[in-house]
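K.L.:
Starting off with a structure, shown below.
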């Protein structure tokens, strides 16, 4: 099991499609800051779009590209000079809304899927802290050598086929479409992370860690045995490095110390147990390596932002709200 497998097992991510947009230029989408535990995503099926956010200069997307905003930043997608010349037209879809604006049947019209990823009841610092604020993944239209199609069986090829399936499902809107597209959206998150980790985009964080084979033994140990009192010499020995070399390599890749990264893993595991079990706070703290209840509560609040008791209450309320939403939609 590699880093991404361990991460997605610990923090299951689900997806939802909110809008399918058919736009003729000029058009613009403005989206405010995402709610906690959510990541906004946009998948461009056809046309071109310029993405702007607070993280770096604008980026041009073309058909097959995916953009998501792990830290929840406000952002915009647009094409053409000036603003839209007419109001949008809304149509009900199978669990999502179809939006049309301008000449949406023009040859260069844009077709955009807009949705959200959800983290559920697990603290999400590992994702939101250690992923780039804006991630753009090219959707596999070209192979590594500039070919017009990715190599069969490559991550680009599989991502392109997943995108094609999402496009076809949202077009057909047959029975089961809402559930299927939701599940495909969750798969889109995993595939996007994998594609990004195999690229050369991010210099620090989870994607950089995934590209560091020499650090994988230490990462595996932290995920698989979080209760162990791991020290820097212990982790360095697993990677066959000196303490100084390990510390430097880890800091350069992750953008934080191994100690801080281990705390994030422990708090994610603890948060999941708080949400899904009735075990006491002290027992949960001990299960992730804290013999002192006070020490566990202090670290949990520092990392997650609330106390363990507050997290448990929020998680239960979120679960009840989700159950109510599902019943209303049934």
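In full-length UniProt numbering, the protein residues as written are 1 to 330. Note that the Cβ used here is the ideal one computed from N, Cα and C, for glycine as well.
Considering only C-alpha positions, which residue in the set 129, 25 and 74 is nearest to residue 103?
P.N.:
Residue numbering aside, residue 103 sits at position 103 when the chain shown is read from its first letter. For residue 103, the nearest C-alpha among the options comes from 25.
K.L.:
Please report how far the alpha carbon of residue 281 lies from the alpha carbon of residue 295, in whole angstroms.
P.N.:
To locate residue 281, count along the chain shown from 1; it is residue 281. To locate residue 295, count along the chain shown from 1; it is residue 295. Distance between the alpha carbons of residue 281 and residue 295: 11 Å.
K.L.:
State the Cα-Cα distance for the pair residue 332 and residue 208, rounded to the nearest angstrom.
P.N.:
This structure gives no information on residue 332, because the portion of the chain shown stretches from 1 to 330.
K.L.:
Along the alpha helix (DSSP H) that carries residue 297, what are the first and last residues, could you check?
P.N.:
Position 297 of the chain shown, counted from the first residue, corresponds to residue 297. Start and end: 293-304.
K.L.:
Going by the CB atoms, is the gap between residue 255 and residue 204 shorter than 9 Å?
P.N.:
For the purposes of this step, residue 204 is identified with residue 204 of the chain shown, where counting begins at 1. For the purposes of this step, residue 255 is identified with residue 255 of the chain shown, where counting begins at 1. Closer than 9 Å, so yes.
K.L.:
At what residue ranges does the segment 30-67 contain a whole run of the beta strand (DSSP E), taking only runs of 3 or more?
P.N.:
Runs found: 38-46, 48-53 and 59-62.
K.L.:
Going by the CB atoms, is the gap between residue 8 and residue 270 shorter than 9 Å?
P.N.:
Walking along the chain shown from the start, residue 270 turns up at place 270. Walking along the chain shown from the start, residue 8 turns up at place 8. Result no, Cβ atoms of residue 270 and residue 8 do not sit closer than 9 Å.
K.L.:
Applying the criterion that 16 or more other CB atoms from any shown protein chain within 10 Å of the CB defines a buried residue, is residue 75 buried or exposed?
P.N.:
For the purposes of this step, residue 75 is taken as residue 75 along the chain shown, with counting starting at 1. Classification for residue 75: buried.
K.L.:
To the nearest angstrom, report how far apart residue 100 and residue 112 are at their CA atoms.
P.N.:
Taking the chain shown and counting its residues from 1, the one referred to as residue 100 is at position 100. Taking the chain shown and counting its residues from 1, the one referred to as residue 112 is at position 112. Cα-Cα distance, rounded: 11 Å.
K.L.:
Only counting runs of 4 or more residues, tell me where the alpha helix (DSSP H) segments fall wholly within the UniProt domain "HTH araC/xylS-type" (216-314), in order along the chain.
P.N.:
For the UniProt domain "HTH araC/xylS-type" (216-314), whole alpha helix (DSSP H) runs of length 4 or above, ordered along the chain, are 216-224, 232-238, 243-254, 258-276, 281-287 and 293-304.
K.L.:
Measuring only the C-alpha atoms, how far is residue 62 from residue 44?
P.N.:
If you number the chain shown from 1, residue 62 lands on position 62. If you number the chain shown from 1, residue 44 lands on position 44. Answer to the nearest angstrom: the Cα atoms are 7 Å apart.
K.L.:
I believe residue 13 touches residue 136 by the beta-carbon criterion, under 8 Å. Please report the beta-carbon distance rounded to the nearest angstrom.
P.N.:
Taking the first residue of the chain shown as position 1, residue 13 is located at position 13. Taking the first residue of the chain shown as position 1, residue 136 is located at position 136. With a Cβ gap of about 18 Å, residue 13 and residue 136 do not count as contacting.
K.L.:
Rounding to the nearest angstrom, what Cα-Cα distance links residue 315 and residue 37 in this structure?
P.N.:
Sequence index remark: in the chain shown, residue 315 carries index 315 (1-based). Sequence index remark: in the chain shown, residue 37 carries index 37 (1-based). Cα to Cα, the separation comes out at about 11 Å.
K.L.:
Kindly indicate which three-state DSSP category residue 320 falls into: helix, strand or coil?
P.N.:
On the chain shown, residue 320 is found 320 positions in, with the first residue counted as 1. Of the three classes helix, strand and coil, the one that applies to residue 320 here is helix, per DSSP.
K.L.:
Runs of 4 residues minimum, wholly inside the segment 130-191: which ones carry the alpha helix (DSSP H) assignment?
P.N.:
As far as the segment 130-191 is concerned, its whole alpha helix (DSSP H) runs of at least 4 residues are 155-172.
K.L.:
With a Cβ-Cβ cutoff of 9 Å, do residue 188 and residue 96 count as a contact?
P.N.:
Position 188 of the chain shown holds residue 188. Position 96 of the chain shown holds residue 96. No, the pair does not count as a contact, with Cβ atoms beyond the cut-off.
K.L.:
What separation, rounded to the nearest whole angstrom, lies between the Cα atoms of residue 233 and residue 19?
P.N.:
Translated into positions along the chain shown, residue 233 becomes position 233. Translated into positions along the chain shown, residue 19 becomes position 19. Residue 233 and residue 19: Cα-Cα distance of roughly 50 Å.
K.L.:
On the DSSP bridge list, what partners appear for residue 77?
P.N.:
Position 77 of the chain shown, counted from the first residue, corresponds to residue 77. DSSP output for residue 77 lists 29 and 51 as bridge partner(s).
K.L.:
If you drop the 5 nearest sequence neighbours on each side, which residues of the same chain put their C-beta closer than 8 Å to that of residue 257?
P.N.:
Here residue 257 refers to the residue found at position 257 of the chain shown. Excluding residues within five positions, the ones whose Cβ falls inside 8 Å are 247, 250 and 251.
K.L.:
Looking at the structure shown, is residue 125 part of a helix, part of a strand, or coil, going by DSSP?
P.N.:
Start at 1 with the first residue of the chain shown, and residue 125 comes out as number 125. In this structure, residue 125 counts as helix in the three-state DSSP scheme.
K.L.:
Grouping DSSP H, G and I as helix and E and B as strand, with all else coil, what is residue 110?
P.N.:
Numbered from 1 along the chain shown, position 110 holds the residue referred to as residue 110. Strand.
K.L.:
Between which two residues does the beta strand (DSSP E) containing residue 14 stretch?
P.N.:
Sequence index remark: in the chain shown, residue 14 carries index 14 (1-based). Where residue 14 is concerned, the enclosing beta strand (DSSP E) stretches over 14-23.
K.L.:
By alpha-carbon positions, which one of 69, 114 and 192 ends up nearest to residue 158?
P.N.:
Taking the chain shown and counting its residues from 1, one reaches residue 158 at position 158. Ranking 69, 114 and 192 by Cα distance to residue 158 puts 192 first.
K.L.:
Which residue marks the beginning of the alpha helix (DSSP H) containing residue 97, and which one marks its end?
P.N.:
Within the chain shown, numbered from 1, the residue matching residue 97 stands at position 97. Careful: residue 97 lies outside any alpha helix (DSSP H), inside the beta strand (DSSP E) at 97-101.
K.L.:
Would you give the residue range spanned by the alpha helix (DSSP H) that residue 6 belongs to?
P.N.:
Residue numbering aside, residue 6 sits at position 6 when the chain shown is read from its first letter. Note, residue 6: alpha helix (DSSP H), 3-10.
K.L.:
Check whether the segment 217-229 touches the segment 156-170, taking contact to mean three or more Cβ pairs, one atom from each stretch, closer than 8 Å.
P.N.:
The segment 217-229 vs the segment 156-170: no contact.
K.L.:
Does DSSP put residue 92 in a helix, in a strand, or in coil?
P.N.:
The count along the chain shown starts at 1 and reaches residue 92 at position 92. Three-state result, residue 92: strand.
K.L.:
Measure the alpha-carbon distance for residue 211 versus residue 197 and round it to whole angstroms.
P.N.:
Here residue 211 is taken as the residue at index 211 of the chain shown, counted from 1. Here residue 197 is taken as the residue at index 197 of the chain shown, counted from 1. About 7 Å.
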